[in-house]
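Colleague: Structure provided below as structure tokens; questions to follow.
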Amino acid sequence: IHSPTGGQGLNLGAQDAFNLGWKLALVERQLADEMYSAEPLPVISEMPEVITSVLNRAIATGDVSTGRRSPILFMLGINHRFSNIVLDEFVALVKRKPISGHGVLDEGHLETWDRAPDAPNMLHVGHAESDVTTLFGLYRPWYHTVLVFALSLADATPIVGALEAYDKRVARSAVVLPSSAPVTLVACSADLVLVDQVGYAYSTYLVEAGQTKVFVIRPDGVIGAIIYDAEDVKKYFSRSFLDVIDERGRSWRVVFVPGTMCLYS
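Structure below.
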């Protein structure tokens with residue numbers, strides 16, 4: 407039981423539901439073990455302390471609007487960086503900020519379990535008619551979206567190839583090219599190829615010129631992984647999906663395919 411100060415109960419409840427839904431779907435399909443409780447419980451346990459401090463300030467000052475002005479209560483900085491199912495190969499543990507489930511949004515800093523930023527003016531190429539979209543327009547609450555920032559399609563090909571082992575209901579890929587990249591396409595198995603026309607995606611995702619960098623956006627809209635290459639892709643998904651040992655002692659990766667269940671060695 408906690409104070410209603412700041413209106414956190416309903417907000418956290420909605421976030422919990424979004425966090426839980428895609429995980430329950432994987433467990434129900436026997437593709438994953440229970441992986442829910444490790445993420446929200448530390449945040450929930452911090453909440454009474456956060457809102458009690460806001461309540462105490464309001465009582466001491468007589469200003470009931472104190473809590474409404476606290477950026478922490480905007481909940482844009484809530485994170486689960488301590489989670490064992492996220493993977494960040496770019497931020498060394500020693501360089502991380504002190505881990506706290508309740509933080510404040512910092513647009514100049516991006517780590518796993520931050521909210522995935524949007525980016526406008528993304529030119530979708532490779533179809534009869536190119537069109538412009540946003541990154542938010544790509545994300546869906548039932549599959550992972552893997553953003554591959556690369557200088558060229560050739561650089562992205564090994565990473566996109568690693569994703570072919572996963573059904574489209576599990577993960578989809580989008581290669582994000584800089585505005586300087588040639589629009590002429592080569593054979594590529596990516597689900598989408600985008601050109602960052604004004605450089606906003608490269609800027610907001612903190613990708614340096616010429617760098618290959620991969621972001622796995624989870625179905626709940628947060629960054630599940632910030633990684634380098636195809637091996638890291640496999641490493642990330644191994645934290646979420648089950649290995650099955652058959653009667654001959656062989657290990658297989660379970661991947662959901664519509665109407666059946668597919669095993670990959």
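In the numbering used here, the protein residues as written are 407 to 671.
We treat Cβ as the ideally placed atom computed from N, Cα and C, and that holds for glycine.
According to DSSP, is Pro584 helix, strand or coil?
Modeller: Strand at Pro584.
Colleague: Could you compute how far the alpha carbon of Tyr642 sits from the alpha carbon of Leu430?
Modeller: Going from the Cα of Tyr642 to the Cα of Leu430 covers about 18 angstroms.
Colleague: Of all the options Leu418, Leu569, Phe621 and Ser644, which has the alpha carbon lying nearest to the alpha carbon of Pro523?
Modeller: Looking at the Cα atoms, Phe621 is the closest of the given residues.
Colleague: Does Leu624 pass the burial test, meaning 16 or more other C-beta atoms within 10 Å, or should it be called exposed?
Modeller: The sequence shown places Arg at residue 624, not Leu. So Arg624 counts as buried.
Colleague: Within the continuous alpha helix (DSSP H) that includes Ile623, where are the two ends?
Modeller: No alpha helix (DSSP H) contains Ile623, which is instead part of the beta strand (DSSP E) from Lys619 to Ile623.
Colleague: Taking its Cβ as the centre, do 16 or more other Cβ atoms sit within 10 Å of Leu416, making it buried, or is it exposed?
Modeller: The residue in question, Leu416, is exposed, as its Cβ has fewer than 16 Cβ neighbours within 10 Å.
Colleague: With a 10 Å radius around its C-beta and 16 neighbouring C-beta atoms as the bar for buried, classify Phe555 as buried or exposed.
Modeller: That one is buried.
Colleague: Which residue marks the beginning of the beta strand (DSSP E) containing Ile565, and which one marks its end?
Modeller: Ile565 -> not in any beta strand (DSSP E); alpha helix (DSSP H) instead, spanning Leu559 to Ala568.
Colleague: Can you tell me which of Tyr545, Tyr549 and Leu426 puts its alpha carbon nearest to the alpha carbon of Ala525?
Modeller: Nearest C-alpha to Ala525: Tyr545.
Colleague: Is the Cβ-Cβ distance between Leu493 and Ala615 less than 8 angstroms?
Modeller: Cβ atoms of Leu493 and Ala615: not closer than 8 angstroms.
Colleague: Using the three-state DSSP reduction, which class does Thr540 fall into: helix, strand or coil?
Modeller: Three-state DSSP puts Thr540 in coil, outside helix and strand.
Colleague: For chain B, find out if any of its Cβ atoms is closer than 8 angstroms to the Cβ of Ser644; answer yes or no.
Modeller: Absent from the structure is chain B; it holds one protein chain and no more.
Colleague: Are the beta-carbon atoms of Ser558 and Ala587 separated by less than 8 angstroms?
Modeller: Against a cut-off of 8 angstroms, the Cβ pair of Ala587 and Ser558 comes out as a contact.
Colleague: Can you tell me whether His550 is buried or exposed? The criterion is at least 16 other CB atoms within 10 Å of its CB, across all chains shown.
Modeller: Buried is the call here.
Colleague: Using CA coordinates, which residue listed in Thr540, Asp573, Val628 and Arg463 is at the minimum distance from Glu647?
Modeller: It should be noted that the sequence gives Phe, not Glu, for residue 647. Comparing Cα positions, the closest option is Asp573.
Colleague: State the beta-bridge partners of Val552 as determined by DSSP.
Modeller: DSSP, once it has assigned bridges, lists Ser579 and Val622 as partnering Val552.
Colleague: Between which two residues does the alpha helix (DSSP H) carrying Ala631 extend?
Modeller: Unbroken run through Ala631 is the beta strand (DSSP E), Ile629 to Ile633; no alpha helix (DSSP H).
Colleague: Can the beta-carbon of Pro584 be found closer than 8 angstroms to that of Asp602?
Modeller: Contact flag set, yes.
Colleague: Judging by CA-CA distance, which residue of Asp626, Ile633, Arg645 and Ala636 is the nearest neighbour of Gly427?
Modeller: Among Asp626, Ile633, Arg645 and Ala636, the Cα nearest to that of Gly427 is on Asp626.
Colleague: Alpha carbon to alpha carbon, how far is Val531 from Tyr634?
Modeller: Taking the straight line from one Cα to the other gives about 24 angstroms.
Colleague: Report the three-state DSSP secondary structure of Arg645 (helix, strand or coil).
Modeller: Three-state DSSP puts Arg645 in coil, outside helix and strand.
Colleague: Within 10 angstroms of the Cβ of Asn425, are there 16 or more other Cβ atoms? Answer buried if so, exposed if not.
Modeller: Classification for Asn425: buried.
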